[in-house]
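Below is one structure, written out as structure tokens, with a few remarks after it.
There are 2 protein chains.
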Amino acid sequence: MKISPLQKARYEYKPKLPLMLRGGIAEISVSEGAETKSVADCEKIQALFPNTYGKKEITFKKGQNTSTAKKQVVGVILSGGQAPGGHNVICGLYDALKSTNPENVLYGFKNGPIGLIEDNYIIFDDEYIDQYRNTGGFDIIGSGRTKLETKEQFAIVAEVCKKHGITAIVIIGGDDSNTNAAVLAEYFAAKNTGVQVIGCPKTIDGDLKNEDIECSFGFDTATKTYSELIGNIGRDANSAKKYWHFVKVMGRSASHVALECALQTQPNLCLISEEVSAKKMSLSQIADYIADSVADRAAKGMNFGVAIIPEGVVEFVPEFSVLISEINELLAGSKADAFNALATWAEKYAFIEKGLTKASMDVFSILPQSIQQQLFLERDPHGNVQVSLIESEKLFSALVADKLAARKKEGTYKGKFSPLHHFLGYEGRCAFPSNFDADYCYSLGYNAFMLIQYGYNGYLSKISNLSKPASEWIAGGMPITKMMNIERRHGEDKPVIKKALVELDGKPFKFFEANRATWAVETSYVYPGAIQYYGPAEVCDITTRTLALEKE
Amino acid sequence: MKISPLQKARYEYKPKLPLMLRGGIAEISVSEGAETKSVADCEKIQALFPNTYGKKEITFKKGQNTSTAKKQVVGVILSGGQAPGGHNVICGLYDALKSTNPENVLYGFKNGPIGLIEDNYIIFDDEYIDQYRNTGGFDIIGSGRTKLETKEQFAIVAEVCKKHGITAIVIIGGDDSNTNAAVLAEYFAAKNTGVQVIGCPKTIDGDLKNEDIECSFGFDTATKTYSELIGNIGRDANSAKKYWHFVKVMGRSASHVALECALQTQPNLCLISEEVSAKKMSLSQIADYIADSVADRAAKGMNFGVAIIPEGVVEFVPEFSVLISEINELLAGSKADAFNALATWAEKYAFIEKGLTKASMDVFSILPQSIQQQLFLERDPHGNVQVSLIESEKLFSALVADKLAARKKEGTYKGKFSPLHHFLGYEGRCAFPSNFDADYCYSLGYNAFMLIQYGYNGYLSKISNLSKPASEWIAGGMPITKMMNIERRHGEDKPVIKKALVELDGKPFKFFEANRATWAVETSYVYPGAIQYYGPAEVCDITTRTLALEKE
Chain L
1089 MKISPLQKAR
1099 YEYKPKLPLM
1109 LRGGIAEISV
1119 SEGAETKSVA
1129 DCEKIQALFP
1139 NTYGKKEITF
1149 KKGQNTSTAK
1159 KQVVGVILSG
1169 GQAPGGHNVI
1179 CGLYDALKST
1189 NPENVLYGFK
1199 NGPIGLIEDN
1209 YIIFDDEYID
1219 QYRNTGGFDI
1229 IGSGRTKLET
1239 KEQFAIVAEV
1249 CKKHGITAIV
1259 IIGGDDSNTN
1269 AAVLAEYFAA
1279 KNTGVQVIGC
1289 PKTIDGDLKN
1299 EDIECSFGFD
1309 TATKTYSELI
1319 GNIGRDANSA
1329 KKYWHFVKVM
1339 GRSASHVALE
1349 CALQTQPNLC
1359 LISEEVSAKK
1369 MSLSQIADYI
1379 ADSVADRAAK
1389 GMNFGVAIIP
1399 EGVVEFVPEF
1409 SVLISEINEL
1419 LAGSKADAFN
1429 ALATWAEKYA
1439 FIEKGLTKAS
1449 MDVFSILPQS
1459 IQQQLFLERD
1469 PHGNVQVSLI
1479 ESEKLFSALV
1489 ADKLAARKKE
1499 GTYKGKFSPL
1509 HHFLGYEGRC
1519 AFPSNFDADY
1529 CYSLGYNAFM
1539 LIQYGYNGYL
1549 SKISNLSKPA
1559 SEWIAGGMPI
1569 TKMMNIERRH
1579 GEDKPVIKKA
1589 LVELDGKPFK
1599 FFEANRATWA
1609 VETSYVYPGA
1619 IQYYGPAEVC
1629 DITTRTLALE
1639 KE
Chain V
1089 MKISPLQKAR
1099 YEYKPKLPLM
1109 LRGGIAEISV
1119 SEGAETKSVA
1129 DCEKIQALFP
1139 NTYGKKEITF
1149 KKGQNTSTAK
1159 KQVVGVILSG
1169 GQAPGGHNVI
1179 CGLYDALKST
1189 NPENVLYGFK
1199 NGPIGLIEDN
1209 YIIFDDEYID
1219 QYRNTGGFDI
1229 IGSGRTKLET
1239 KEQFAIVAEV
1249 CKKHGITAIV
1259 IIGGDDSNTN
1269 AAVLAEYFAA
1279 KNTGVQVIGC
1289 PKTIDGDLKN
1299 EDIECSFGFD
1309 TATKTYSELI
1319 GNIGRDANSA
1329 KKYWHFVKVM
1339 GRSASHVALE
1349 CALQTQPNLC
1359 LISEEVSAKK
1369 MSLSQIADYI
1379 ADSVADRAAK
1389 GMNFGVAIIP
1399 EGVVEFVPEF
1409 SVLISEINEL
1419 LAGSKADAFN
1429 ALATWAEKYA
1439 FIEKGLTKAS
1449 MDVFSILPQS
1459 IQQQLFLERD
1469 PHGNVQVSLI
1479 ESEKLFSALV
1489 ADKLAARKKE
1499 GTYKGKFSPL
1509 HHFLGYEGRC
1519 AFPSNFDADY
1529 CYSLGYNAFM
1539 LIQYGYNGYL
1549 SKISNLSKPA
1559 SEWIAGGMPI
1569 TKMMNIERRH
1579 GEDKPVIKKA
1589 LVELDGKPFK
1599 FFEANRATWA
1609 VETSYVYPGA
1619 IQYYGPAEVC
1629 DITTRTLALE
1639 KE
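Protein chains in written order, with the numbering used here: chain L, 1089 to 1640; chain V, 1089 to 1640.
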């Protein structure tokens, strides 16, 4: 196997653990805190989790290890989209498990949760693990999006565990996967299987965050990678002085990724979906907001700029959501047949015009044709519009071009507007984890094993005080049920971990809000450059602006 | 001004000079070699450059500096597209100029060659220069694409030089800009203006390369940045195991960038435009070639992959070139009016069908509609198709999808094909220069001043032996006319620097060719990771695979 020089060098990197975990396994004792309750809907959550609800918060300390000596057989899965550092969670878990007892065994179930159903696994050994230390990707065992949520699936998982003598499962995933981890933990407890479940908080989107989880892993590396590129694009814009770059960034519904990238790079504009929603902004208002910056800069002779667009923004525009619902309704089931039978776009357009309400048609008619066609032609297997495929970076630049053309006619704008488009997503999910993510993930995995060893079930591996150096981090565990509330999903009340959106009264947004008017008209770009793994600590060990602002 | 931690750290980096330039200005002597002649069309080139043709190759050595002491006033411009390291060329030039005599003056003309015409400049001082050391971008003075090529322009430039007492101009640019530098040098010599012209070889495209120029600056950093991202995408593909990523990379006509990225990342596929041209491949053949790899991998259970597409490839497909010419002809001048008057795409399509030859219509009809429309709707100010805007990554994935659908019907393919698309270009042109580019560019600039100081005109700053450590690099100069031949451009015979395409019998391509069958069906991805500026030398100081293979 040919590997890159950086990969070879990263094999030698020793991730930093919190001080309390550094003394060796024999020196890790546990300290139990108060009993917990869920963030909301306590009674309902307690009723759903009678065996795992209300457990105590726990913290590890330096001291005599008092856990029971028994052979541990553990299984681990990676669930959902890739995030840098996933490999290190497994490496940390493996190292703690083997340090505790060389006879302990770690199973890796392949391709996500489905590996547990299909009993498709590998057993880790040093040689295999060593190839993945401090590397990006989830290729160590693969990942997948199957959900473990039905009783039938749980029964199969229990069988698989019994067959291999597995007594604990570690689930590395996002909010949904950790919700399912809690449900599985409750099932195992109720059935007295003796199998524990521990979750680890993963997602580049940054939306798995609450008073216990300061940040999900992967967010640091992914946003640094996108910020590297946005910085490079900004520098290019400021050198050539002729293009407006519209940069869409991944991140699903929440705008944490966009906001963090804006804090790192100081672009001229960054839309925040949560603000669009709160202010009930229309597409036209958003386009005017962007056009204002384009025009102001043009008036100063600067016909260039950088605008960051969060992936999920169009879903937050009220009128656009209505349009999408109407389209889904218009083409539901067999109704699509009549539409599909029409030969030309003109005929299809007439069909659409007849089928949409006037309000939605007003929205539809201002969209560029390519987006109009995308809405009707690229639908998912259920016939629904695929919102994530909408090229919103092109949508907004087209709307802005229309606004500017109108202003030109009115004589209020005299500049040139040449937009270019980018989508940053897959480029950052599998980068080599930053030192922060390498350390954080290794600690999460190491810590997850300590929770197993001390017999906890339905807990999330929790590392906190993350804005400080790793030596000051605090290792412990929190019952997953503490983070849950009841939400309406697909017409049913379900216990779930609350997804964190950007808080408009939070410090990161407030900082952005206080500066954005300046950034909009000045050229205040910051160029973070590529992630550095070596060099001065201030270059290679500092985590996100979001976390720094939240903890300041 | 807020700057990033990396930018702050990079200010402290001391670029490495070739040993022969390290002893200080007083210790740099010159050694003249043989007289030169142009690579082809010697008589014609000599006739066009009577004053600057045939000059001697020169090399710098450690020894007594014998140049004449006089106050130097120098102007510098950045020309064309951004390339990492441009700032360091100017820093090296400035440092050599000021070390020689603190009274010397460096003018930076703004926004490219037009700055010389408009007399729009700044005068560099330490404080200003220090903000740009080892940084990416061309924002130090901006760049532009105006060409300096007419006698009228030259006369204005001569006036501007006279006004400021400028006795030398350094032109940092690609093949065209250096060609124009040679023409300007000849003009100045013929007119006895006493103004010297020195060129520096810039372009991320890597197509300014010949027996004197081992590589143009910026190629190293840009390809490392793209390879970082392609590696990350490959790791994502190999983790999720469900997408085929089609990655178009910048690089204009030549495929040097694509090939270097392929050598660094070992994707499943990389098209090489020069090979497409040599083999006279049709779109259908290319699509089949890609579909073969998709099908072979699917048969092994791998419904994912990475394919690199060089930006210029469609121009090299003979049938596609013909199609483009016919479209340009069909819509030339007022003929476009009739087309534009048609209301629907169906009517336009009928117009096109009538206007194209059968052979071109056969090609046109297999294109996805979005590409068909792009060819007809997005034309440049002269009414020509904008080939660079063609989303060839989407074109090929659509053609491959058609091929696979046909194979599925035949029963020869049973996989799933989900393509995703990327275009990497602006993300890499303004990255912080790698240590290689930081050193190389600083040396080019430092060396350019030594050529000025020793009185040379019409020379290219030449640093060679680049596959070795910087201490072993060789500094000198080469008459630009040596690299020239006569080519037919826009119906005229013109003296130009020959553009370097990928040589199909060269070692980089041969290495790729020998390995690509394996890479196509195996998953042999290499993950280079982000450019490192600190750390072990093998991680942060090594240049491209292309150069290593060419010099091995």
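Beta carbons: idealized from backbone N, C-alpha and C, even for Gly.
These figures come from a predicted structure and were not determined experimentally.
From the options, pick the residue whose C-alpha is nearest to that of residue i; which is it?
| i | options | result |
| --- | --- | --- |
| residue 1411(V) | 1427(V), 1440(V), 1387(V), 1101(V) | 1440(V) |
| residue 1630(L) | 1550(L), 1358(L), 1525(L) | 1525(L) |
| residue 1391(L) | 1348(L), 1427(L), 1489(L), 1340(L) | 1489(L) |
| residue 1248(V) | 1279(V), 1288(V), 1207(V) | 1207(V) |
| residue 1241(V) | 1266(V), 1215(V), 1203(V) | 1203(V) |
| residue 1151(L) | 1144(L), 1112(L), 1125(L), 1138(L) | 1112(L) |
| residue 1536(V) | 1164(V), 1139(V), 1616(V) | 1164(V) |
| residue 1476(L) | 1425(L), 1430(L), 1517(L), 1339(L) | 1339(L) |
| residue 1093(L) | 1520(L), 1142(L), 1291(L) | 1520(L) |
| residue 1591(L) | 1170(L), 1153(L), 1348(L) | 1348(L) |
| residue 1582(V) | 1320(V), 1216(V), 1268(V), 1612(V) | 1268(V) |
| residue 1555(L) | 1326(L), 1308(L), 1437(L) | 1308(L) |
| residue 1516(V) | 1355(V), 1226(V), 1551(V), 1263(V) | 1226(V) |
Within 10 angstroms of the Cβ of residue i, are there 16 or more other Cβ atoms? Answer buried if so, exposed if not.
| i | result |
| --- | --- |
| residue 1419(V) | buried |
| residue 1106(L) | buried |
| residue 1273(V) | buried |
| residue 1352(V) | buried |
| residue 1313(V) | buried |
| residue 1447(V) | exposed |
| residue 1166(L) | buried |
| residue 1589(V) | buried |
| residue 1470(V) | exposed |
| residue 1428(L) | exposed |
| residue 1294(L) | buried |
| residue 1417(V) | exposed |
If you drop the 5 nearest sequence neighbours on each side, which residues of the same chain put their C-beta closer than 6 Å to that of residue i?
| i | result |
| --- | --- |
| residue 1175(L) | 1220, 1223, 1228 |
| residue 1482(V) | 1509 |
| residue 1123(V) | 1142, 1144 |
| residue 1513(V) | 1338 |
| residue 1261(V) | 1167, 1168, 1290 |
Between which residues of its own chain and residue i is the CB-CB distance below 7 Å, once the five residues before and five after are set aside?
| i | result |
| --- | --- |
| residue 1553(V) | 1560, 1561, 1562 |
| residue 1365(V) | 1404 |
| residue 1478(L) | 1402, 1459, 1462 |
| residue 1523(L) | 1621, 1628, 1629 |
| residue 1363(L) | 1592 |
What residues in its chain sit with their C-beta under 8 Å from that of residue i, if we drop five residues either side in the sequence?
| i | result |
| --- | --- |
| residue 1149(V) | 1108, 1116, 1117, 1118, 1119 |
| residue 1492(V) | 1379, 1382, 1383, 1501, 1503, 1505 |
| residue 1211(L) | 1193, 1194, 1195, 1196 |
Exercise. Assess, as a yes-or-no matter, whether the stretch 1124–1134 of chain V is touched by the stretch 1250–1268 of chain V under the definition of 3 or more beta carbon pairs within less than 8 Å.
Key: no
Quiz item: Okay, do the stretch 1523–1534 of chain V and the stretch 1180–1191 of chain V touch, 3+ Cβ pairs below 8 Å being the bar?
Solution: yes
Quiz item: With a cut-off of 8 Å, do at least 3 Cβ pairs link the stretch 1631–1638 of chain V to the stretch 1293–1308 of chain V?
Solution: yes
Quiz prompt | alpha helix (DSSP H) segments (min. 4 residues) lying fully within the stretch 1190–1228 of chain V | solution = 1202–1206, 1214–1218
Quiz item: With contact counted as at least three CB pairs below 8 Å, one residue from each stretch, are the stretch 1590–1603 of chain V and the stretch 1153–1170 of chain V in contact?
Solution: no
Self-check item: Continuous beta strand (DSSP E) assignments of at least 3 residues falling wholly in the stretch 1496–1584 of chain L
Solution: 1507–1512, 1547–1552, 1562–1567, 1572–1577
Practice problem: State whether the stretch 1541–1550 of chain V contacts the stretch 1322–1334 of chain V, with contact taken as three or more CB pairs (one from each stretch) at a distance under 8 Å. | Solution: no
Exercise. Please list the segments of the beta strand (DSSP E) lying wholly inside the stretch 1445–1481 of chain L, counting only runs of 3 or more residues, in order along the chain.
Key: none
Self-check item: Contiguous beta strand (DSSP E) assignments of at least 3 residues, all confined to the stretch 1296–1363 of chain V
Solution: 1332–1337
Quiz item: Is there contact here, the stretch 1604–1612 of chain V with the stretch 1272–1286 of chain V, by at least three beta-carbon pairs under 8 Å?
Solution: no
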